[in-house]
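Asks: Dropping a structure here in C-alpha cells format, bear with me for questions.
Protein chains: 2
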Amino acid sequence: MDSSKIFGERRTVEQVEEGHELAPKFDSNGLIPAVATDYASGELLMHGYMNAEALAKTIETGEAHYFSRSRQAIWHKGATSGLKQRVVELRIDDDQDCVWLRVDVTGGASCHVGYRSCFYRTVPFGEQAADASGPLRLEYTETEKVFDPDEVYPGVPNPTKL
Amino acid sequence: MDSSKIFGERRTVEQVEEGHELAPKFDSNGLIPAVATDYASGELLMHGYMNAEALAKTIETGEAHYFSRSRQAIWHKGATSGLKQRVVELRIDDDQDCVWLRVDVTGGASCHVGYRSCFYRTVPFGEQAADASGPLRLEYTETEKVFDPDEVYPGVPNPTKL
Chain S
1 MDSSKIFGER RTVEQVEEGH ELAPKFDSNG LIPAVATDYA SGELLMHGYM NAEALAKTIE
61 TGEAHYFSRS RQAIWHKGAT SGLKQRVVEL RIDDDQDCVW LRVDVTGGAS CHVGYRSCFY
121 RTVPFGEQAA DASGPLRLEY TETEKVFDPD EVYPGVPNPT KL
Chain Y
1001 MDSSKIFGER RTVEQVEEGH ELAPKFDSNG LIPAVATDYA SGELLMHGYM NAEALAKTIE
1061 TGEAHYFSRS RQAIWHKGAT SGLKQRVVEL RIDDDQDCVW LRVDVTGGAS CHVGYRSCFY
1121 RTVPFGEQAA DASGPLRLEY TETEKVFDPD EVYPGVPNPT KL
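Protein chains in written order, with this note's numbering: chain S, 1 to 162; chain Y, 1001 to 1162.
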C-alpha cells in the first residue's frame, strides 16, 4: 500500500482535527508513536513507533507493524515470536500524531520479557511514595510469564537499551 | 518531590526489566511518553510526554502532570480547563521508557478539541481500505463534544502544530 496515496497533506489545524482525512504527522525521525491495547480487556500492551511504511503495512494487512528503533527496520510484530497483533480497530488522535491499535494477540503476550503486557509493574504514588528516601519500589501485577524469552527468541539480542 | 532521589540509576538490562527499582529513561529531549486511559472503561484518552519534574509531580500529587512541548513548560493537566486527571494506577513498561496512567477524569473529557478522548476517529484498514485511491476517510466515534473549547480555553492558542 502506497503511503503517499493514503495519507493526506496537513493543510490547516481545522482540517487535521475536525476533518475526515487521514493526515498523520511523523516526527523529525519519520516516526509516529503507536499504542496497542487489548481489544477485550482494554489493558495497555505496548507502546512503540511506526514510520510511514509500517503504518501503511498495518493498514493494508490488519496486522501490527512497527519500526524498530534499535534495529532501524520495519518490524512485523510476531514475525519471530509468533505473537502477532491482529488489529480490531485503529484510531488516530486529534492532531494526528499518535495512533491507537485495539488488538487481539495471538499467543496472549506482547512483551519481549515474556509477560502479557509490557506494563507489568506499578509505580507507587501519593501517600505510598511520600516517605521514600531512595528509588521507588515497583510492584509486579503479573506473577507468571506467558512464555520463556530464551525459547521464543533464541540468539536474538535484547532490544532494551540503558 | 525530588526526582534525583526517587528515580534510580539504570545499571543493567536485567535490573531495569526484572527488578523492583523505578529507573525511568528520558529521551535526548529529557522526555518520556505517557499514555492515559480511563480507569473504568479502558478507553485511551491521550498520549503525552513528561519530563523528570512532571513525572515526579504526578507521583507526588496523584494528579497527571505533563510537559507541554508546544509551550516548553510543565503542564498540570486541567489547570486551565478544570478537566483534571486523578491517577488511580501508575505503571511503567519493561525497559522503563514509557508510563501508563489509569485515570479518573474530572468533567469527563481529556481532549482540547472537546471530546472525551483524543482518539475520536477511526482509520479504515484491510478490506475497508483496499480500494482507496486517495487519503483514507476517518470516521467519528464520538458525535457530540463534552465541552465547547472556545468557552473552556478563551484566548488560549490551539496547541496543534502542522
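All C-beta atoms in this analysis are idealised placements derived from N, C-alpha and C, irrespective of residue type, glycine included.
(1) Would you say Val-1152 of chain Y and Asp-94 of chain S are within 8 Å of each other, going by their C-beta atoms?
(2) Taking all protein chains shown into account, do 16 or more other C-beta atoms lie within 10 angstroms of the C-beta of Val-35 of chain S, making it buried, or fewer, making it exposed?
(3) Spell out whether any CB of chain S is found under 8 Å from the CB atom of Pro-1157 of chain Y.
(4) Of all the beta strand (DSSP E) runs that stay within the bounds of the region 1073-1137 of chain Y, which reach a length of 3 or more residues?
(5) Please classify Pro-1033 of chain Y: does DSSP put it in a helix, a strand, or coil?
(6) Output yes or no for whether 8 Å exceeds the beta carbon distance between Val-105 of chain S and Gln-85 of chain S.
(7) Quick check on Asp-1038 of chain Y: does DSSP put it in helix, strand or coil?
(8) Give the straight-line distance between the Cα atoms of Leu-1015 of chain Y and Arg-137 of chain S, rounded to the nearest whole angstrom.
(9) When the Cα atoms are used, what is the spatial distance from Phe-125 of chain S to Glu-1009 of chain Y?
(10) If Thr-58 of chain S sits next to Ala-52 of chain S, beta carbons under 8 Å apart, how far is it from one beta carbon to the other, in whole angstroms?
(11) With 8 Å as the C-beta to C-beta threshold (strictly closer), list the residues of the region 1041-1056 of chain Y near chain S in chain order.
(12) Using a Cβ-Cβ cut-off of 8 Å, state whether Val-87 of chain S counts as contacting chain Y.
(13) So Gly-1062 of chain Y contacts chain S; which residues on that side make the cut at Cβ distance below 7 Å?
(14) Within 8 Å of any Cβ in chain S, is that where the Cβ of Ala-1109 of chain Y sits?
(15) Do you know how far the Cα of Val-1088 of chain Y is from the Cα of Arg-1102 of chain Y?
(16) Short of 6 Å in beta carbon distance, which residues of its chain neighbour His-1047 of chain Y, apart from the five on each side in sequence? Order them along the chain.
(17) For Glu-1017 of chain Y and Gln-1096 of chain Y, what's the separation of their Cα atoms in angstroms?
(18) Quick check: what's the CA-CA separation for Pro-1154 of chain Y versus Leu-31 of chain S?
(19) From Ala-1040 of chain Y to Thr-122 of chain S, what does the alpha carbon distance come to, in whole angstroms?
(20) Run through chain S and tell me which residues come within less than 7 Å of Leu-1022 of chain Y, C-beta to C-beta.
Replies: On the basis of the data shown:
(1) no
(2) Classification of Val-35 of chain S: buried, given that the 10 Å Cβ count is 16 or more.
(3) no
(4) 1073-1076, 1085-1092 and 1099-1105
(5) strand
(6) It is a contact, given that the beta carbons lie within the stated cut-off.
(7) If DSSP states are grouped into helix, strand and coil, Asp-1038 of chain Y belongs with the strands.
(8) One detail in the question is off: residue 1015 of chain Y reads as Gln in this sequence, not Leu. Taking the straight line from one Cα to the other gives about 12 Å.
(9) 19 Å
(10) Not quite, the Cβ-Cβ distance comes to about 11 Å (not below 8 Å), so this is no contact.
(11) Ser-1041, Gly-1042, Glu-1043, Leu-1044, Met-1046 and His-1047
(12) Chain Y contact via Cβ: present.
(13) Phe-125 and Gly-126
(14) no
(15) 6 Å
(16) Counting only Cβ-Cβ distances below 6 Å, and skipping sequence neighbours, we find Val-1035.
(17) 7 Å
(18) 33 Å
(19) 17 Å
(20) Val-123, Pro-135, Leu-136 and Leu-138
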